[in-house]
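This report concerns only the one structure given below.
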Amino acid sequence: DAGVIQSPRHEVTEMGQEVTLRCKPISGHNSLFWYRQTMMRGLELLIYFNNNVPIDDSGMPEDRFSAKMPNASFSTLKIQPSEPRDSAVYFCASSFRGVNEQFFGPGTRLTVL
Amino acid sequence: SQELEQSPQSLIVQEGKNLTINCTSSKTLYGLYWYKQKYGEGLIFLMMLQKGGEEKSHEKITAKLDEKKQQSSLHITASQPSHAGIYLCGARRGGADGLTFGKGTHLIIQP
């Protein structure tokens, strides 16, 4: 069975551009999580969904960040406009009910110049 | 918010030696998760502990959660080069499902 799929794996963009990161969770999982990892702050939760509904978005840095989950098999994290401080590795994870183990995707390494 | 302190921050161990990594919280842990991360890659789930005093093992890795559910340890027996990487502990925040993570322990295995 395929694991969590993220695309793109690497993204380099210029400041001010819109960036969209994509995630396909493991089939049958009903919880989806977006995390961000940086050297300074470590791994931080941005937002998570249960049954496609956003439950906690308190980790979203600011209004430039938005996330959607239009159906059970797809989620996006959008940054508009992007800034150099958004450079990080963004991970998507999914689980069957949030209390169980979360399976992480390979991450998207974002560089904003 | 719940913060997790991991110690040590980095660890260099000779191949074949045992080692222990600790994860401490100031608040009760509602589920403690251990992950391993290879440099530049995603996180690999190792173990999840939920009950005070719980202990789980997988191959040469053993994780424990203390009775008060505020500290967990990860013990590796007879370390191998394949054990090298970053070990992260994560915990659910109260009744919420999202995880808060420690800063990680960088493990290097010397041949």
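Which chain is which? The protein sequence lines are A and B, in order.
If you want the numbering used here, it's the position in the first sequence, counting the first as 1, plus 264.
If you want the numbering used here, it's the position in the second sequence, counting the first as 1, plus 58.
Every residue, glycine too, gets a C-beta built ideally from N, C-alpha and C.
Model, not experiment: these values are computed from the prediction.
Exposure label - A/Ala266; buried when at least 16 CB within 10 Å
exposed
Using the rule of at least 16 other Cβ atoms within 10 Å of the residue's Cβ for burial, across every protein chain shown, is B/Gly148 buried or exposed?
buried
Am I right that B/Gln64 and B/Gly162 are in contact with their C-beta atoms under 8 Å? What's the rounded C-beta distance?
6 Å
Beta-ladder partner(s) of B/His116, from DSSP
B/Ile119
What are the partner residues of A/Lys342, as DSSP defines its beta bridges?
A/Thr284 and A/Ser330
Does the Cβ-Cβ distance between B/Lys96 and B/Ser137 come in under 8 Å?
no
Is B/His141 helix, strand or coil by DSSP?
helix
Could you give the first and the last residue of the continuous beta strand (DSSP E) run that contains B/Met105?
Leu101 to Leu107
Quick one: which chain B residues come within Cβ less than 7 Å of A/Leu296?
Residues of chain B passing the Cβ test: none, with the nearest at roughly 10 Å.
List, in order along the chain, the chain B residues whose C-beta lies closer than 7 Å to that of A/Gly371?
Gly100
Would the region 282–301 of chain A count as touching the region 313–330 of chain A if we require 3 or more Cβ pairs under 8 Å?
yes
Less than 8 Å between CB atoms is the rule here; does A/Leu309 satisfy it with respect to chain B?
yes
Is the Cβ of B/Leu196 closer than 8 Å to any Cβ of chain A?
The structure shown does not extend to residue 196 of chain B, since chain B is modelled only from 59 to 169, so the question has no answer here.
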